[in-house]
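What follows is a short report on a single structure.
In the working numbering, the protein residues as written are 567 to 669.
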């Protein structure tokens, strides 16, 4: 798969995980990896971009005497997923056109 396409799709996978519930880095990697392989070194730049875009926020919770950073999707993040799903229908129409099938 094209690396740029995969990179973009990983962002939506991360948002999808956070749409289910707030989560922290290691757990996000584990959840996303059920669908597509992802490492923590890939995750953190994605989280930074999503935060800078306003698609998620963070907060900390104490866990075993240490602060654990949690990520939470924003309303803008939810709308971003919805826009992606609407756009993806166009991608599928193009896919079926290229494949020579009807949608």
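Glycine residues also receive a C-beta, built at the ideal position from the N, C-alpha and C atoms.
* Quickly, what does DSSP pair residue 627 with across the bridge? List them, please. => 634
* Asked: Is the number of C-beta pairs between the stretch 581 to 589 and the stretch 621 to 639 that are closer than 8 Å three or more?
  -> yes
* To do: Give a yes or no on contact between the stretch 647 to 657 and the stretch 589 to 600, applying the rule of three or more CB pairs nearer than 8 Å.
  => no
* **Euclidean distance between Cα positions of residue 618 and residue 632** => 25 Å
* Asked: Taking the alpha carbon of residue 573 as the point to measure from, which residue in 591, 607, 589 and 612 has its own alpha carbon closest?
  -> 612
* Asked: How would you call residue 616, buried or exposed, if buried means at least 16 neighbouring beta carbons within 10 angstroms?
  -> buried
* Compare the Cα-Cα distances from residue 642 to each of 606, 578 and 568 and report the closest residue. => 578
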